[in-house]
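> Residues 87 to 618 in the numbering used here are what the sequence shown lists, from first letter to last.
Quick reminder that beta carbons are idealized off the backbone N, C-alpha and C, glycines included.
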Amino acid sequence: KSAEEPDIDLSTPLNASKTLRFRTADLFQDNDYFYKYAHSRKWQAYGALEWDITPSTTFVVSHAAQQQDITAPYYGLPVTTEKTLWYGGRSANPSQKWGYSNYMTQQTIASLSQKLWGDWKLTARGTFYDQSYNTLYNEPWTQIDAQTGTMQYQDAGIVAMRGTNSARSADIYANGSFRFLNRTHYALFGFNYNSYNQVTRYGNILSDNIYNDVNINNANSVPRPPAGSISYQDDPDGYGTRDNATQWGFYGQLRLEVSKHLSLILGGRVSRFSERMRYISPGPTSSWKPEANIHGELTPYLGTVYQITPNISWYASYSSIFTPSVGNMSYHGGGLKPQRGNQVETGFKAEYFNGRLNLSSALFRMENVNQPVQDPEHSQFYITTGPIRRQGWEAQIDGTILPNLDISIGYTYLDTKVSDSKTRDFGGVFSPHHMFKSWVHYTVPKGRLYGLNIGVGLDATSSLRGSYPTTVQGGYMTLDGMIGYHITPHLKIQLNATNLTNRYYYERASGVWQFNFPAAPRSFMATLRANY
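1. Could you check the C-alpha separation between residue 168 and residue 596 for me, to the nearest Å?
2. Let's see if you can read the secondary structure: which residues bound the beta strand (DSSP E) around residue 468?
3. Excluding the 5 residues preceding and the 5 following residue 611 in the sequence, name in chain order all residues of the same chain whose CB lies nearer than 6 Å to its CB.
4. At which residues does the beta strand (DSSP E) containing residue 208 begin and terminate?
5. Between the stretch 136 to 152 and the stretch 266 to 285, do at least 3 Cβ pairs fall closer than 8 Å?
6. To the nearest angstrom, how far is the alpha carbon of residue 584 from that of residue 543?
7. What is the DSSP secondary structure of residue 241, counted as helix, strand or coil?
8. How about residue 302 and residue 376: are their beta carbons less than 8 Å apart?
9. Output the boundary residues of the beta strand (DSSP E) element that contains residue 373.
10. Grouping DSSP H, G and I as helix and E and B as strand, with all else coil, what is residue 230?
11. Mark residue 441 as exposed unless 16 or more other C-beta atoms lie within 10 angstroms of its C-beta, in which case mark it buried.
12. May I ask you to report which of helix, strand or coil DSSP gives residue 397?
13. Please specify which runs of the beta strand (DSSP E), each continuous and at least 3 residues long, are wholly inside the stretch 87 to 117, giving them in chain order.
14. Taking C-beta to C-beta, are residue 413 and residue 329 nearer than 8 Å?
15. Would you check if there are 3 or more beta carbon pairs closer than 8 Å linking the stretch 594 to 609 to the stretch 549 to 567?
16. Count the other C-beta atoms from every protein chain shown that fall within 10 angstroms of the C-beta of residue 536, then say buried if there are 16 or more, exposed otherwise.
17. By the three-class DSSP mapping on this structure, what secondary structure does residue 178 have?
18. Is DSSP giving residue 302 helix, strand or coil here?
19. Considering only residues of the same chain and omitting the five flanking positions on each side of residue 332, which have a CB-CB separation below 6 Å?
20. I'd like the list of long-range same chain contacts for residue 573, defined as Cβ closer than 8 Å, with 5 residues on each side in sequence excluded.
21. Between residue 209 and residue 491, what straight-line distance do the alpha-carbon atoms span, to the nearest angstrom?
22. Check for me: the beta strand (DSSP E) holding residue 343 runs from which residue to which?
23. In angstroms with no decimal places, state the Cα-to-Cα distance between residue 467 and residue 225.
24. Is the CB-CB distance between residue 290 and residue 368 below 8 Å?
25. Pop quiz: residue 349 and residue 390 are said to be a contact at Cβ under 8 Å. What is the actual Cβ separation, rounded to whole angstroms?
26. Enumerated in chain order, which unbroken segments of the beta strand (DSSP E) with a length of 3 residues or greater are wholly contained in the stretch 264 to 304?
27. Mapping DSSP to helix, strand and coil, what is residue 609?
28. What residues in its chain sit with their C-beta under 6 Å from that of residue 243, if we drop five residues either side in the sequence?
29. How about the stretch 291 to 300 and the stretch 335 to 345: do they share at least three Cβ pairs that are nearer than 8 Å?
30. Might you give, ordered along the chain, the residues of its own chain that have their beta carbon closer than 6 Å to the beta carbon of residue 215, omitting 5 neighbours on each side?
31. Going by other Cβ atoms of all chains shown within 10 Å of its Cβ, with 16 needed for buried, is residue 553 buried or exposed?
32. By Cβ distance below 7 Å, which residues in the same chain neighbour residue 523 in space, the five residues on each side in sequence not counted?
33. Any idea if residue 577 is buried or exposed, counting beta-carbon neighbours within 10 angstroms, 16 or more meaning buried?
34. Who are the Cβ neighbours of residue 616 in its own chain at under 7 Å, not counting the five residues just before and after it?
35. For residue 549, tell me which candidate among 198, 592, 565 and 249 has the shortest Cα-Cα distance.
36. Would you kindly work out how many angstroms separate the C-alpha atoms of residue 92 and residue 472, rounded to a whole number?
Shown next, in the form of structure tokens:
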């Protein structure tokens, strides 16, 4: 694995009074990967202009553009014919050097903020997002033979896809404080509108070659489809879709100081959502089909915070979930139902030594239905899950325990239960039961090694199951580290190392034909950064 990543982030005033300011952030990445054949080249440019029209009025406009070109796109590995994870080499890539995924993304944001009375402020923001993409590769037709490490490919398994995604949004809101019953309270209320349009076209595969006994470590032996064998011309067997969705609603939040030590947070949103879909070229064009038409969807939020002592507070919250699955299509045609559910959480937070040491602990439970996950039989499409219940607890310690010595230690216990047998065995909904993360960082305060800082992190995770009960990654532990040095007050060099023990494990196991991802082997990254 190798990578080059030069970047620049520059901010400067454009006039003497500094009421007109400009910022640019530009990035270029050129990456190879630990898995075979893959290469990525990405550039990103960002520019923002900020103008204080008056002392109380500020206008900001920004534009970001990104082009990414990927060779041999990698979507993880299939499982084996014995429904287990493949451990015959993490450098395997089921894609080919002739495969590609190209993306061009642009986003423009404009906002106007107006200070009102007191600390009240009115903000209006508009966003324009557009993306186009073009993808071609051949994915395995069978799972990996557990004994030989071979698979079958077919031209029928070629994914040839083009499309565009666009989104438009507007948001206007006001926020500030007010006095009532001799106490200070805070309020936010607003309205937003979002529209989304997606066009997807799948090429027709006109050849029918079959490639048997292709080793997973030599998938590049699958040849590029013959010239003229992929067509985006209209065909009775062609497939293309256009998806339009609109969501708008009113939202608000009140933070009430009930007493000196007790606060109450009341919030919510009332939404209107509609979605429609039609089939388009290269398949036969159809009429628009309504996928959703939801009125007056209320998603409330309730919370409370109680200050037990000057250092310790207790909190509790309830929130409702309503998330439309815009742009995720099912294999049988049509969109997916919106995700619905609720989440409750309660816990304690403590702060000591003027904020230098922070402790927290929480219990949580989330129930939802219609979570979108990749279709295990058709990797470019999605299905929805049945009811899922996730619950657990977590604890975190962050801060400076000794002069120049910072720590971060966290533990999470998570239990997941899927009630619907149709989706019980889909790995995308599962997470490990136990997750532990820690990081220790020390900065040399003085002496000959002044400017040197070192860090070490230890992460441990219990077993993770995938799409089948037999698709299991056992528990593992990883060690990371870093060392940095300030050459001058403005120039710093740093070396980061990940997976120092070179542990071979899967960081994600959530598919049948794809989406099982071995973690990267031991790797190092050097950074030279200048600040002026």
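The short version:
1. Approximately 16 Å between the Cα atoms of the pair.
2. Note, residue 468: beta strand (DSSP E), 468 to 470.
3. Excluding positions up to five away in sequence, the list reads 582.
4. The continuous beta strand (DSSP E) containing residue 208 extends over residues 207 to 224.
5. Touching, no.
6. Our two residues, residue 584 and residue 543, have alpha carbons roughly 9 Å apart in a direct line.
7. Correct three-state label for residue 241: helix.
8. No, the Cβ-Cβ distance between residue 302 and residue 376 is not below 8 Å.
9. It is not in any beta strand (DSSP E) - residue 373 carries neither H nor E in the DSSP assignment.
10. Assigned with DSSP and collapsed to three states, residue 230 falls in strand.
11. When all chains shown are included, residue 441 counts as exposed.
12. Here residue 397 sits in coil by DSSP.
13. Entirely contained in the stretch 87 to 117, the beta strand (DSSP E) runs reaching 3 residues are, in chain order, 93 to 99.
14. Cβ atoms of residue 413 and residue 329: closer than 8 Å.
15. The stretch 594 to 609 makes contact with the stretch 549 to 567, as at least three CB pairs between them are under 8 Å.
16. With fewer than 16 other Cβ atoms within 10 Å, it is exposed.
17. Coil, per DSSP.
18. Helix, per DSSP.
19. Apart from sequence neighbours up to five positions away, the residues of its chain that approach residue 332 with a beta-carbon distance below 6 Å are 281 and 360, ordered along the chain.
20. Closer than 8 Å at Cβ, skipping near neighbours: 537 and 579.
21. Here the alpha carbons of residue 491 and residue 209 stand approximately 41 Å from one another.
22. 325 to 343 is the span of the beta strand (DSSP E), which, as asked, contains residue 343.
23. Using only the alpha carbons, I get a separation of about 14 Å.
24. Between residue 290 and residue 368, the gap from beta carbon to beta carbon is short of 8 Å.
25. About 7 Å; that satisfies the 8 Å criterion.
26. Runs of the beta strand (DSSP E) lying entirely within the stretch 264 to 304, each at least 3 residues long, are 269 to 288 and 296 to 301 in chain order.
27. Residue state, collapsed to three classes: strand.
28. Here the set comprises 224, 225 and 227.
29. Not touching, per the Cβ criterion.
30. Within the same chain, and ignoring the five residues on either side of residue 215 in sequence, the residues whose Cβ sits closer than 6 Å to its Cβ are 193 and 253.
31. The C-beta of residue 553 has 16 or more other C-beta atoms within 10 Å across all chains shown, which makes the residue buried.
32. Taking C-beta separations shorter than 7 Å and ignoring five residues to either side along the sequence, the partners of residue 523 in its chain run 496 and 545, following chain order.
33. Exposed is the call here.
34. Non-local C-beta neighbours of residue 616 in its own chain, meaning closer than 7 Å and more than five positions away in sequence, comprise 576 and 577, ordered along the chain.
35. Nearest in C-alpha terms to residue 549, of all of 198, 592, 565 and 249, is 592.
36. Their backbone Cα atoms lie some 45 Å apart in a straight line.
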